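Number of protein chains: 2
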Amino acid sequence: MPSIESLADLGVREAAERIRRGEVSSAALTEACLARVTALEPQILAWAHLDREGALAAARERDVEARAARLRGPLHGVPVGIKDIFDVAGMPTTAGARAFAHTWPARDSAAVARLRAAGAVILGKTHTTQFAFRDPAPTHNPWDVAHTPGGSSSGSAAAVATRMVPCAIGSQTVGSILRPAAFCGVVGLKGPHGLVPLEGVVPLAWSLDHAGPFARSVDDAALVLSVMADMALEPARVEAPRLAIGRQLFDRADADLRRHLEGVVERLAQAGARVTELTLPPPFADIHAAGQVVLEVEAATYHQPAFAKHAADYGPGMRDMLQIGLARPATEYVTANRARLAFRRAMIPLLEAHDALLSPTAPGPAPAGLGWTGDASLCAPWSSAGVPSISLPTGLADSGLPLALQLVQGPSGLPRLLGVAAWCERVLGFAERPGD
Amino acid sequence: MPSIESLADLGVREAAERIRRGEVSSAALTEACLARVTALEPQILAWAHLDREGALAAARERDVEARAARLRGPLHGVPVGIKDIFDVAGMPTTAGARAFAHTWPARDSAAVARLRAAGAVILGKTHTTQFAFRDPAPTHNPWDVAHTPGGSSSGSAAAVATRMVPCAIGSQTVGSILRPAAFCGVVGLKGPHGLVPLEGVVPLAWSLDHAGPFARSVDDAALVLSVMADMALEPARVEAPRLAIGRQLFDRADADLRRHLEGVVERLAQAGARVTELTLPPPFADIHAAGQVVLEVEAATYHQPAFAKHAADYGPGMRDMLQIGLARPATEYVTANRARLAFRRAMIPLLEAHDALLSPTAPGPAPAGLGWTGDASLCAPWSSAGVPSISLPTGLADSGLPLALQLVQGPSGLPRLLGVAAWCERVLGFAERPGD
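Chains as they are written, first to last, in the numbering used here: chain E, 31 to 466; chain H, 31 to 466.
Put into structure tokens, the structure is as follows:
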């Protein structure tokens, strides 16, 4: 019987497998996770709402079912954390905002309903930046509490990194899954735009919003995403992957990270990867500005009624952004959206010509302080293009903070992307964890 | 050997078949079409640009190839007319506008290139309303020159009705293929949005623009669309079609047309059609306003640079519309586009539950005068939803002007839609033609 400590170390697939085989109970696993929360939450502040009783009751039900071989699905008995913009029946949805934005939904969001139907045990809601934009969450980075965990899915990333939960779900409109995953040393994954339904999720920008998982391995992230997407999703078998490197993307990284990632690429090449340089197509020049306009306008469209009543209650980042979005003429939006789609069209054949595009996930490790969630510019193009991307940890900076790489593929290449990521994960063998 | 007069009567498929078999030469067919143009163009004004020499030279080349059994494709040797917003290499594109908008493209638009690759002989460019919006073309209705032929594809509809050409292509953003087809007593067809590429076509509104054919039978229209779409497209075999009738749509028709179409529906039912009533879903209430906002803003985005220089040269309809579009805030556009997509989502399952939705194509026959191209409100929802629709003539009003019905299906149901249309065409047996 594994100790409580090592139970919380179990990954998603292994936990589910042991519950299935009757070697571990969901209740014991949930207790182990809750024990981690008890020990670490005061320093980390990952949770906006914790449902200890509800989670334990659900876990005990899953155990009864497991003993009767009535398994609900691939996540039977596995605790998960839910970013606090996804509705969970019977828990508040705050979206990281003040009272004006709270709802008490009676229904699960579509993605949560799928997790629950697959047997997951909902531990609670994790902290988000306000409305999943940039006004920060209270969460601290598990590797150094003086640093941001990144955002907007701050609590989900920190909860998975601290082993409070084997997986959690988040959302990404610019860099809100992959960047906090990178800063917290875990795997963050999003599929192509539209893969996971977003009913019951507070939107930031409909054309850009993606839902996806945090986990501690590529395989676990793939499993959780397959449940969220309600589709079979196995990493493709990949050997000697053809990796594309974009010099323009590496140039955005700080010198230490660039040096580190060049070493990483060398290790991958020695293990058999074929590495080529890729020049980003001309529409890349416009993608950051275009994505920003689309975000501002769509966020302004959604928030307009509430903002008219509660402008003063919005955080300064949201407030400034919504004011800009409300003032934009429609022709600017149409132009920006067309530039965004032109970038997507130009990128897809380039991405599909390789097994993955490799870049830094962020320009450096997590910045100091909690006021800024960090630079999302290396994730933004792939959110704007709506193509799948994944971040995995590659090592630690001298400061002890995690470093990460990002892999990107075309919208129909998700299994291939996961296969490349799993291959890189095996070669790199990252096994560090934050101290308690 | 058929006379010149009856050569011009040949439909697309029959003409191509006879050319293939060596029974008719493309040159003779083209001459027969040009003879119709010579006789009728002074009253009809269907053509913005006619390429007599080029067309005859191409026809003679096609004849040489046909004699050598080197057939280019299913339109080998068949004359076509091209709405003057599609680029044709070596002919001006005026888009029905003044000199400021003229271009002399060196390349065919994508759809024209496909027609040409399939062996079509390009007779020339047909008149369009200005920029395919509502400022009228000079074209007259072939059934009564005191009436509009409808628009915006005015010349294409009139040219096919007068047998100046067996088929022509047009575009529809609101009702610009199906309405002129109805007013001119021919078949007008558009596929789902995105089916035919629009490279090399002057846009009106990217989210709504469709390209499609005019012909004198459903089968011919299907053949031309299959070439434009570069895909196999056979009308499905349909017997006893399940037709849905929308009372809200019939209520838009004038009393005479309603009575006529009720008789048509009765004839179809007697021939075996199963007819049920369908209530349009709640998002129908917003679709006209939503489509209009999307059109205004996208048109304003495209025309903004030219309009800044040449506002005075624009027609009054375009000018007013562009001014409204330029002034709209981006949030209005996003709201409208979401309403449009909500209507599409709500309609698709309803459409797919039947073989076709049947309605009037327009609320009545072609209005008197050339100043107004007529009410497009019965075509607009299907352009906004991006679903395939087809208009076919059903009879003549007491005034002698044609009447028509429209059939609509979901985006993946084009062969089924064509099958229903061909079935209705057989049952109704419309065989009238405008007098010379």
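A virtual CB, placed ideally from N, CA and C, is assigned to each residue, including glycine. The structure displayed is predicted, hence computed values, not measured ones.
Residue i burial status per 10 Å Cβ neighbour count (16 or more: buried)
i	result
E:D459	According to the sequence as given, residue 459 of chain E is Gly; it is not Asp. Exposed: under 16 other Cβ atoms inside 10 Å.
E:E455	buried
H:E292	exposed
H:W412	buried
H:S55	buried
E:A341	exposed
H:S442	exposed
E:G205	buried
E:A329	buried
E:G465	exposed
E:K155	buried
E:R48	buried
E:R164	buried
H:Q73	exposed
E:D281	exposed
H:K339	exposed
H:V94	exposed
Chain H contact for residue i (CB, 8 Å cutoff)
i	result
E:V364	yes
E:L330	As written in the sequence, residue 330 of chain E is Ala, which differs from the Leu given in the question. At least one chain H Cβ lies under 8 Å of E:A330.
E:V327	yes
E:P379	no
E:Q322	no
E:P359	yes
Pairwise C-alpha distance: residue j and residue i
i	j	result
E:A262	H:G347	53 Å
E:S419	E:Q436	7 Å
H:P311	H:L408	15 Å
E:L208	E:S389	12 Å
H:T424	H:V195	21 Å
H:L86	H:E264	30 Å
H:T159	H:R100	38 Å
E:A319	E:Q439	22 Å
E:L279	E:L308	10 Å
E:D81	E:A461	30 Å
E:R29	E:A198	Nothing about residue 29 of chain E can be read from this structure; chain E reaches only from 31 to 466.
E:A386	E:D117	33 Å
Other residues of its chain near residue i: CB distance less than 6 Å, five sequence neighbours each side excluded
i	result
E:A38	A62, C63, R66, R193
E:A131	A125
H:H384	R272, A274
E:A266	P445, R446, G449
E:I317	F373, P411, S414
Simplified DSSP state of residue i, which is helix, strand or coil
i	result
H:F163	coil
H:A274	strand
E:P99	According to the sequence provided, residue 99 of chain E is Ala. The question's Pro does not apply to it. If DSSP states are grouped into helix, strand and coil, E:A99 belongs with coil.
E:S414	helix
H:Q436	strand
E:P397	coil
H:C409	coil
H:T124	coil
H:A283	coil
H:P243	strand
H:A262	coil
E:A301	coil
H:G111	strand
H:V118	coil
H:T17	Residue 17 of chain H cannot be examined here, being either before or after the span of chain H that is shown, 31 to 466.
Own chain residues within Cβ distance below 8 Å of residue i, not counting five before or after
i	result
E:R146	D138, I152
H:G224	G416
E:A136	A119, G120
H:E269	G302, W453
Any chain E beta carbon closer than 8 Å to residue i
i	result
H:A468	No information on residue 468 of chain H is available, as it lies outside the stretch 31 to 466 that chain H covers here.
H:Q353	no
H:Q436	no
H:L225	no
H:Q334	yes
Beta-carbon contacts of residue i that lie in its chain and below 7 Å, excluding the five residues immediately before and after
i	result
E:I354	E326
E:E71	W77
Under 9 Å by beta carbon: chain A residues contacting residue i
i	result
H:L356	Looking at the structure shown, chain A is missing, and the protein chains on hand are E and H.
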